[in-house]
Each structure stands twice: as C-alpha cells, then as structure tokens.
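Once you know that position 82 of the sequence shown is 89 in my numbering, the rest is easy, because the numbers rise by one and skip nothing.
Where a beta carbon is used, it is the ideal one built from N, C-alpha and C, also for glycine.
Right, one structure below, let's go through it.
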Amino acid sequence: MRASTIRKLCTLSTLFRSHSAWKAMALASSSSFSISEHNASEFNHSSMSHNRVPSRGAEDSPDDDNTSSEVSSIVYSPSPAEEPVVVKEEPVVEEVDYRKAKMEKVADFTWCPDLSPGYLLTKRRGLARERKNKWIFKLSHDERFDRLVKMCAKRLGTGTTLDVFRQLGRETGVKEFNALIKMSIQKARTTNNEYIAIEELSKAFHLLENMKECGFKLEEETYQPLLRYVIDMGMVKEFQLFSDVVRAECSVSRLGYYEMLLWIRVEDEEMIRDICEYITVEDGQDTAAMRENYLLALCESDLKIQITDVLKNIDITMLSSAKSIASVFQSLGRLQLESLAENLFLDLRAQDFDEDDISGFIADYAVSIPNLAVEDIISKFKSLHDLLEVLHSSSSYEKLIMYCCDLGKVDVALDLVDNMCEAGFTLSTRMLQSILHICEETYEHILVYRIYSIIQRFHLKLNGEICRCLVNFCVRVKDFKGAYKMVDDLEKMNFKPNTAMYNAIMAGYFRECSALYFALHHCYTISQHINVLSYYSDSYYQSGTVFHDLWPLCYCGAPTIWSSLISVVPHLWFVFYGLWLSFSFCLAFFLRVFLSERPLRKNISGALRVLKHMQDANVNPDVQTFSYLISNCETEEDIIKYREEMEQYKIPLAKPIFMALINSYAACGKLDMAKQVILDPNIPAKSLNEIKSVLVSALASHGQLSEALLVYEEINKAGYNLEPKAVISLIEEFTKFKGELDGMLMLLTELSDLDYWVDGCFRVIIYCIHNKHLSSAIDLFKKLKDKFESDELVLEVLFDEVFAAIATSESSNLQIGLDLLWAVKNELGLVPSRQCLDFLLSACTNAGDLSNARLIWREYEVAGFPYNVLSYLRMYQALLASGDYRSANFMLSKIPKDDSEVSAIIKACQETYSGLSSVAKTKTKVTKKKEKREA
C-alpha cells in the first residue's frame, strides 16, 4: 500500500456489497443458520440498533461462559483471597437465543466489590497524588474510556463490546463509535497485510453508516481518522466514496480541507493548480469557507511557489478567524518567506487590525522559523514589533515562553517572564506550572530562587502544586533552611501550607542522607571526604548528624588522618559554626571518627522535625507522609507506633503503606512479616501485582532469592508481569552467583520499558565480562545496536560505559575487553569510539600488559583518531607500568608541559612508578656487574 499507486476499489466494494447482502440474509434466515466468517460481519446495521436484538457475528460464538469470563477479567480482577464468582448455567432448551443468554449473564455479573466510603476516599486521594506526581493537570476521562473500549474490543470483538455496554445501562453513543473507528484505523495502519487493512477499513465504513442510521451527526472527530488514513495511503477512489457518506452529515467546506491534502499527497499538480486558481479568482461569499479550508491545507505543505502566488492575490483579513491567519504565518515562518510575511504584516497594520492579534501572529511566525537560535528568534520578534509599531501582547509573550520551555531554555523563558511582568501583564498559573515542569525535567532546580523572586516581586497567583514544586526544588538543592523559610513566607502571603509541601521536605531528609551515605562510602582519601562534607554541609548543619556520618574516614588510614588533621579543622569550620566548640569536643569528635564502628544512620531526627512543623501549622499528615516514615523505620516498634498514629488520624491503609510495610519489615530483618503483608484483605485487586513486585524486590535484595522467585512465579501464574524495578533487583541478585546467565537473560525479556531494559542489559553484560561469557556479551551488544541503530550517540555512550567498567575491574578482564573490541569492529561493523580505546588503554596499564597497550595504541590510527595530550599521558602511564622506561621517556618528550595540570599528572605517574623504576635500575646494575666479573 504505497501512496504512489492508487488501489482498485473492487476488493473494498465487494466487501461492502457482501455486507449488505449478508444483512438481508441474516434477517431472513432462522436462528439455527450458520454464518461463515467470510460472508458475515459483526459490524452490521442491526448490531448498533436500539430497537432489536443484533445478529451474531462469527467472532461472537455461543460460548457464554467464555465471554462472561473474558468480560470479568477486563472489568474486575478479584484478589486470590476472594472466592471466585460462580455463574449458574441456564437450563438447556431446544431453541436458545445465545446472545440473549450471554448478555443476561454479563448483566448479572458482580462488576465491583462492596467498598467502604473510607476506602473509596483513600483511593481517590491516592489517584490524585499519582496524577500530581506525573504532572497531569487535566481530566483524562476520554482517554480512559478509549482504553477500556480498546481492551474490550480486542478480547470480545467490537459487536459484543457495544452489546456489553448497552446491557450495563450505557447506550451506544458517539464516544463508543469514535473509539471503535479509531481502533479499526489504528489496526489498518499498523498491519503489513493489505487484506487485513481493507477489512478494518470496511469496519470503519460500516460504523459510519450505523451512526447515520442511529441518528447521530457525523462530526469531524468521527470521520477525521478515516479520511486521514485514506489520504496517507493515497486512496483517491476510497476518499471519494467516504466523502459521499460524510458529505450529507457535515460541512461540505470542511471536506475541502481534506480534499486539498489528498491532491498534495498524491502530487496531482493539475488539481492543485485548479484549486489554487479557485482560491484566488473566486470571491463569492458563499464559497469563502471552502476557499479558506483549501488555503489552510495548502499552508501545511511545502509548496512555496503555490503558497506565494495565492497569498499575493488574496486578502488574508477575510479569513474567518485569527487561528486561520496564525496558520498562514506559521507556514511563512516554516518556509522562511520573510519578505512576504513582512508585507502581510504591513497590510494588517494598515487596515487597523487588532494589535494584540498582530503581536500574536508575529510570535507564531518567529517561533516557526527553523534552524534559528532562541536569542535570534526573540530578536526577530522584537524587530518586527518595532517595524510595525505595535506593543507586545500577553498571548505573544506566552507563546515565546512556551517555545523556550519546549527547548529546555528555562533561563531565557524567565527573562521573558520578567519582561512580560514589567510590561504590566500577569503570568497565569498554567504558564508558571509549565515552567516548573520543565525545570523538573531538565534538573534546573537551582532556578527556584529566581522563580520565587519573580513571584514575590510581581505578586503572581499560586496554587498548591506550584508551592509544592517550589519547596521541593529547595530540598533538591539541599537548602532545607530555605525550604522552611519558603513555607513560612507562603503562609504570610495568605497561602496555607499543605501536606504535600511538608512531604517534600521529609522525603528530602531521607533522600539526602542516603546520598551522603553513598558518597562517603565511595571516598578513599581525606580530601575526598572533605569535599563531600563541604557539598552536604548546608543540609546537615541543622541536625548535626554529620558527626555520625564521618566514620568511614577511619578507612583512609591513621597516618593520612593525622597528617591532614591540621587541614581538616579549617575545612570543617562550617560544621562547627554556631555550635559549642571546645578542645574536649574536638578531641572526642576525632576519636569517634577514628574508633567508631557504628553504621551510618538515616536522618530520622530531621524527618521527625517535619512532623513537629506540621503539628504547629495545623496540617495533618496523609498516606504519603506515613509511607515515608514507615519505609525508613529501623525497628519493629517504630512500625507499630506509626501504624497506631495512622489510626489516630483515621488514615486507612493504601498501596503506598503496604509497600512501605514490606520494605520496612525487610530492613528490620522480619522477612516473614513482610510476606504476610500481601495477605491483607484490604489490598485493592488492581494494586496486588505492584505490591507483590515490591515483595520480590525486598526478598531479592536481602538475599532471599529462592523466596523471591516463588512470588515471581505466583505473579506469572496470575497472568501479570513483574514490575521493572523488581526485575532489576532479581537480575542484580543473580549477578552474585555463577551459572545464572540463562535466568538473567529470561528476566531481561520481561522488561518492556527501554530505560529499564538498558539498565538490566548493562548489568548482564558486566556479569558476562566477569564470568567470561563472551558470546552472550556480543549478543547483547547486537541487541543494543538494534534498539539504538538510529541514535549513534546513545549507542556510543552505552558502549563506553561497558568499557569503562572493564577499565576499573580486575586485570584478568582485559582479554575479554579486547575480544569485545574486535566484535564491535568486525561483527557489528562499528568504529570504536575514542573513549573505548582510552578505557582499554587504562586496563592495559592496570594489567601491566605492554603488548596489548601497543596494540590499542595502533587502533587510534586505524579508527582515525589523532593522538592528543590525554592519549599520550595514558600511553606514558602504560609504558611506566610495564617497565619500558626508554619508550616512556620518548613518549614524555611528545607531551606539552605548559599546562600545570598535565605536569601534575606526569609527576604523580613518576612518583607512583618510582619504586618499580628503582628496582629495575638495581637489577640492571647487578646484571652489568656480573657480566664484568665473568669477562
């Protein structure tokens, strides 16, 4: 099905004729007559009728129990603890109306369990919280309904789906028809089988006819997917057929828009020329709408000459709406027709067109210009305003701000916000939320101070979500003091703090403590610890828990600590500032650093202070609050305490609480109690799989791999998939054992999300490297190439990560790293990056392998990478490590020494390998003395 070839209508017409003939036969035939799948179609007129029972299609078999179970599995999946619903069989009669019996069973089915008001309230709050976390600011009822219709139609068939909705008290309406038409067109687009595509197109056509028979008006939302599909496929005759069906029910002028798109798609120059002439020559009032739709379709194309000729010969002020004029200027910007755009702007200005609209058109034109920097677009925006002598409008500012946000240029967007507010306009809460959303996505949390300054200076309106984001951004940059101050300031601005704001602060305390734990445990020198503590100083100054977190310093070695003691105290002045400082306290502190064996504690005190602030502000905690507290409990007594507090606040159990209970029991070593959580009858059926996945992850991360696999099998038997995080936990646990490659590869197939799949794939590749599974590693490399073949940059970064892991691992992994390098070149047909060669050269240094170092050195030339300072330094280090001092001196002569950092690296290399050098020189002298004596 290609656009250049217009398919014949014979097959499609045959389907339509057979459908009409079959309809007459079905009405005249008896109930016992068997209709074959080829001649029958479930999309018949009677199946949509409201005043008679629809006839059966082939896919609507008389297997009532089957259909009933399918429907029940879609709408309600009971938990294992509940008894299965038993549907009583009807007595056997000689003549049975199978569809009627089936619909009675469906109608009698218990669709929803009895739910208490408290549970429903908790469920609604949990859903609202999830929407906020995902930045959903509008209702998505239509999307949910489309998914439900699609799911039902996939399992039951479209005819049965409509019957089920009618039996449930929902009449067949426009939403149902639209959803099924979209589904048919989607199937036609995704299939490679021409006959399946024709069949789905036939179904969509019959649905349109049925809508007309039911008295529904065909709006553009209904017929647009169908016409768009036949246009994309270049089906001229089919388009004419569908247009005849739609024409009587909708605006004929709107069909002109799709007609023009069709001629542009099939590149019919004669028809395009005739329509362009029609737009410019015809001037009747009754044809204005038709000509406007032709023009809008033309502006969506890349036909520069035709667009220029038409726009030079018409008056765009005659277009019916500002939206249509904006589309014209967007086309001019996209096609870079600057002179024509300026002339049209001047025409609008000369006719005293509304200045706010002109300003909006300028923004539409400017942001549509391709390959132009943001600063240049803003400059063009301002210069056109100066040329036309019009003022900026609020809508034009917002268009520019949204354009900058889409490009991730938040700082430029804030500059525009400043200009907008200084001009006397007010930024809407919707725009402010969009800016905060982009800051979250681009990790520009540091801009919170500038945003908050704008809010204060121009008294912008706020809502709960904006305030939560502001507080959360302060926490993200580890400014807890600033977060509390912001909460107080908002209260002074007559905005009452809400629970979500305090939850953000509480989560920050737990998260930042974990980050400090990770950072300190990956430091190996006193200077590294000082840098880490300096970075985290602001967030830990309030609680003073930094003293408890310094115990890893003892692993740096006592001599290093004592020699650096004098330099440590000045660097830690930010910690001691404001505290009672004396000689005895300092001595006790350093003794604790040297001798303490206590594990690192979480910042529980900071989190508890958040609860105190909430009580003072008369803000009640919610489910999320207690999920944070419970998940970070250290003892079973703490878990019990918080559950009692939940009962005091009348907070019912919800999904986050069940997950937190599993994690906290596992952290306390109470794995049996963690297993008991999933048996709670209050767990919603749709959340059971997620909660079980959390249990799998907790069991796997605590060494209970066999128990985790048992729960995993239960999930599979129930027909669900394991959550991605749990799959990653299982893969990580498998990496600790040898001979588990097959299990990890099987788990990898369960990951459908690309990000999680890449994470799991990387872990499996590292396992293959450590266990010398070369062929499996190469296979995974090939899969990575297949998934990122269109994005070479991402593929290069992923490969670099693998070779970086080889460089930092044991020297015995050097050979498999070299084998992977040859596989990348020979089997994958890729050129290894400079970083890959750098990492392999570092691995040769660690292994002291001179021959392979020289081999890698030659690969730089083969790959076309010129040698630079870093490559010379790495090769110099490899030569020193392997004992080839003569070649090392020669390499040293090629390194420029005017850079102080380069000189420092050279000095460090010489100091590191000086012992080896002295030993080698001593051996050389002894050998020469022996030779002299023998002579």
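Problem - Outcome for Thr506 when other beta-carbon atoms lying within 10 angstroms are tallied against a minimum of 16 - result: Here the question's residue 506 lines up with position 499 in the sequence shown. A residue is called buried once 16 or more other Cβ atoms fall within 10 Å of its Cβ, and Thr506 is buried on that count.
Practice task
Could you please give the first and the last residue of the uninterrupted alpha helix (DSSP H) stretch that includes Cys916?
Solution key: For the purposes of this step, residue 916 is taken as residue 909 along the sequence shown, with counting starting at 1. Taken as a continuous stretch (DSSP letters only), the alpha helix (DSSP H) holding Cys916 covers 907-919.
Handout entry: Residue burial classification, Gly836 (beta-carbon count within 10 angstroms, cutoff 16)
Key = In the sequence shown, residue 836 corresponds to position 829, counting from 1. With fewer than 16 other Cβ atoms within 10 Å, it is exposed.
Handout entry: Straight-line gap, Ser818 to Gly855 (C-alpha atoms, nearest Å)
Key = Along the sequence shown, one-based indexing puts residue 818 at 811. Along the sequence shown, one-based indexing puts residue 855 at 848. Answer to the nearest angstrom: the Cα atoms are 9 angstroms apart.
Practice task
Could you check which residue in Lys699, Ala674, Pro659 has the C-alpha nearest to that of Asn689?
Solution key: Within the sequence shown, residue 689 is the residue found at index 682, counting from 1. Per the Cα distances, Pro659.
Exercise for the section: Determine the burial state of Ile238: buried for a count of at least 16 other Cβ atoms within 10 Å of its Cβ, exposed for fewer. Expected result: For the purposes of this step, residue 238 is taken as residue 231 along the sequence shown, with counting starting at 1. Ile238 comes out buried.
Exercise for the section: Could you pull out every residue in the same chain whose Cβ sits closer than 7 angstroms to the Cβ of Glu730, ignoring the five residues on either side in sequence? Expected result: Here the question's residue 730 lines up with position 723 in the sequence shown. Hits under 7 angstroms: Glu697, Ser700.
Practice task
Identify the continuous alpha helix (DSSP H) that holds Glu451 and give its terminal residues.
Solution key: Position 444 of the sequence shown, counted from the first residue, corresponds to residue 451. Where Glu451 is concerned, there is no enclosing alpha helix (DSSP H), given that its DSSP letter is neither H nor E.
Practice task
Alpha carbon to alpha carbon, how far is Gly180 from Met666? Give it in angstroms, no decimals.
Solution key: As a working note, residue 666 is residue 659 in the sequence shown. As a working note, residue 180 is residue 173 in the sequence shown. Straight through space, the alpha carbons of Gly180 and Met666 are spaced by roughly 41 angstroms.
Practice task
Return the chain-ordered list of same chain residues with a C-beta closer than 7 angstroms to the C-beta of Glu96, the five sequence neighbours on each side being excluded.
Solution key: Sequence index remark: in the sequence shown, residue 96 carries index 89 (1-based). With a pLDDT of 41 at Glu96, under the threshold of 50, the modelled position of that residue is not reliable, and no figure is offered here.
Practice task
Using alpha carbons as the reference points, say which of Gly613, Val626, Tyr672, Met653 lies closest to Cys640.
Solution key: For the purposes of this step, residue 640 is taken as residue 633 along the sequence shown, with counting starting at 1. Cys640 has its Cα closest to that of Tyr672, out of Gly613, Val626, Tyr672, Met653.
Handout entry: Contact belief for Leu225 with Met218 at Cβ below 8 angstroms, rounded distance in angstroms
Key = Residue 225 sits at position 218 when you count from the first residue of the sequence shown. Residue 218 sits at position 211 when you count from the first residue of the sequence shown. Taking a contact as a CB-CB distance under 8 angstroms, the pair Leu225 and Met218 counts as one, their CB atoms being some 6 angstroms apart.
Exercise for the section: Closer than 7 angstroms by C-beta to Lys416: which residues in its own chain qualify, once you throw out the five before and the five after it? Chain order, please. Expected result: Here residue 416 refers to the residue found at position 409 of the sequence shown. Closer than 7 angstroms at Cβ, skipping near neighbours: Val381.
Practice task
Assuming Tyr264 and Ala304 form a contact by the criterion Cβ under 8 angstroms, report the distance between their Cβ atoms to the nearest whole angstrom.
Solution key: Numbered from 1 along the sequence shown, position 257 holds the residue referred to as residue 264. Numbered from 1 along the sequence shown, position 297 holds the residue referred to as residue 304. About 5 angstroms separates the two Cβ atoms, so the contact holds.
Practice task
My understanding is that Ile473 touches Leu421, with C-beta atoms under 8 angstroms, so please give their C-beta distance in whole angstroms.
Solution key: The residue labelled residue 473 in the question sits at position 466 within the sequence shown. The residue labelled residue 421 in the question sits at position 414 within the sequence shown. Not confirmed; about 15 angstroms, so no contact.
Practice task
Decide if Leu233 is buried, meaning its Cβ has at least 16 other Cβ atoms within 10 Å, or exposed.
Solution key: In the sequence shown, residue 233 corresponds to position 226, counting from 1. Leu233 sits buried, since 16 or more C-beta atoms from the chains shown fall within 10 Å of its C-beta.
Exercise for the section: Measure the C-alpha to C-alpha separation of Arg254 and Arg770 and round it to an integer number of angstroms. Expected result: Here residue 254 refers to the residue found at position 247 when the sequence shown is read from its first residue. Here residue 770 refers to the residue found at position 763 when the sequence shown is read from its first residue. If I take the Cα positions, the gap works out to 59 angstroms.
Problem - Cα-Cα separation between Gln313 and Ser258, rounded to whole angstroms - result: Here residue 313 refers to the residue found at position 306 of the sequence shown. Here residue 258 refers to the residue found at position 251 of the sequence shown. About 26 angstroms.
Handout entry: Spatial distance of Val703 from Asp687 (CA atoms)
Key = If you number the sequence shown from 1, residue 703 lands on position 696. If you number the sequence shown from 1, residue 687 lands on position 680. Rounded to the nearest angstrom, the two C-alpha atoms are 17 angstroms apart.
Exercise for the section: Identify every run of the alpha helix (DSSP H) within the segment 826-903, keeping only runs that are complete inside it and at least 4 residues long; order them along the chain. Expected result: Runs of the alpha helix (DSSP H) inside the segment 826-903: 841-854, 857-870, 876-889, 892-899.
Practice task
Give the secondary structure of Ala370 by DSSP, where H, G and I count as helix, E and B as strand, and everything else as coil.
Solution key: Translated into positions along the sequence shown, residue 370 becomes position 363. Here Ala370 carries a helix assignment [DSSP, helix/strand/coil].
Handout entry: Selection from Leu398, Arg865, Ile321, His444 that minimises the alpha carbon distance to Leu414
Key = Here residue 414 corresponds to residue number 407 of the sequence shown, with the count starting at 1. Cα-wise, what sits closest to Leu414 is His444.
Exercise for the section: Check whether the Cβ atoms of Leu971 and Val335 sit closer than 8 angstroms, and answer yes or no. Expected result: The displayed coordinates of the chain run from 8 to 942. Any statement about residue 971 would go beyond what the structure contains.
Practice task
May I ask which residues mark the beginning and end of the alpha helix (DSSP H) holding Pro731?
Solution key: Within the sequence shown, residue 731 is the residue found at index 724, counting from 1. Here the alpha helix (DSSP H) through Pro731 covers 731-741.
Problem - First and last residue of the uninterrupted alpha helix (DSSP H) at Ala211 - result: As a working note, residue 211 is residue 204 in the sequence shown. 201-220 is the span of the alpha helix (DSSP H), which, as asked, contains Ala211.
Handout entry: Alpha-carbon spacing of Ile646 relative to Lys682, whole angstroms
Key = Here residue 646 refers to the residue found at position 639 of the sequence shown. Here residue 682 refers to the residue found at position 675 of the sequence shown. Using only the alpha carbons, I get a separation of about 15 angstroms.
Exercise for the section: Answer yes or no: do Met500 and Arg475 have a C-beta to C-beta separation smaller than 8 angstroms? Expected result: By one-based count along the sequence shown, residue 500 stands at place 493. By one-based count along the sequence shown, residue 475 stands at place 468. Between Met500 and Arg475, the C-beta spacing is not below 8 angstroms.
Practice task
Report the rounded CA-to-CA distance for Asn479 versus Ser759, giving the unit in angstroms.
Solution key: Here residue 479 is taken as the residue at index 472 of the sequence shown, counted from 1. Here residue 759 is taken as the residue at index 752 of the sequence shown, counted from 1. Asn479 and Ser759 have their alpha carbons spaced roughly 30 angstroms apart.
Handout entry: Beta-carbon gap between Val801 and Phe810 smaller than 8 angstroms
Key = As a first step, residue 801 is located in the sequence shown; it is residue number 794 there, counting from the start. As a first step, residue 810 is located in the sequence shown; it is residue number 803 there, counting from the start. For Val801 and Phe810, no; Cβs fall outside 8 angstroms.
Practice task
With a cut-off of 8 angstroms on the beta carbons, I'd call Leu848 and Ala860 a contact; round off their distance for me.
Solution key: Along the sequence shown, one-based indexing puts residue 848 at 841. Along the sequence shown, one-based indexing puts residue 860 at 853. Right, their Cβ atoms sit about 6 angstroms apart.
Exercise for the section: Give a yes or no on whether the C-beta atoms belonging to Ser375 and Arg341 are separated by under 8 angstroms. Expected result: Taking the first residue of the sequence shown as position 1, residue 375 is located at position 368. Taking the first residue of the sequence shown as position 1, residue 341 is located at position 334. Taking 8 angstroms as the Cβ cut-off, Ser375 and Arg341 qualify as a contacting pair.
Exercise for the section: Could you work out which residue in His399, Asp905, Arg298, Arg235 is closest to Leu269 when comparing CA atoms only? Expected result: Reading the sequence shown from its first residue, position 262 is the one you call residue 269. Comparing Cα-Cα distances from Leu269 to each of His399, Asp905, Arg298, Arg235, the minimum goes to Arg235.
Handout entry: Exposed unless 16 or more other CB atoms sit within 10 angstroms - verdict on Leu339
Key = Counting from one through the sequence shown, the residue named residue 339 turns up at place 332. With 16 or more Cβ atoms within 10 Å of its Cβ, Leu339 is classed as buried.
Handout entry: Counted within 10 angstroms of its Cβ, other Cβ atoms place Asp845 as buried (16 or more) or exposed
Key = Residue 845 sits at position 838 when you count from the first residue of the sequence shown. With 16 or more other Cβ atoms within 10 Å, it is buried.
Exercise for the section: Look at Lys406 and Ala370 and say whether their C-beta atoms are less than 8 angstroms apart. Expected result: For the purposes of this step, residue 406 is identified with residue 399 of the sequence shown, where counting begins at 1. For the purposes of this step, residue 370 is identified with residue 363 of the sequence shown, where counting begins at 1. Cβ atoms of Lys406 and Ala370: closer than 8 angstroms.
Handout entry: Extent of the continuous alpha helix (DSSP H) run through Ala333
Key = For this step, residue 333 is matched to residue 326 along the sequence shown. Secondary structure note for Ala333: its alpha helix (DSSP H) is the uninterrupted segment 329-341.
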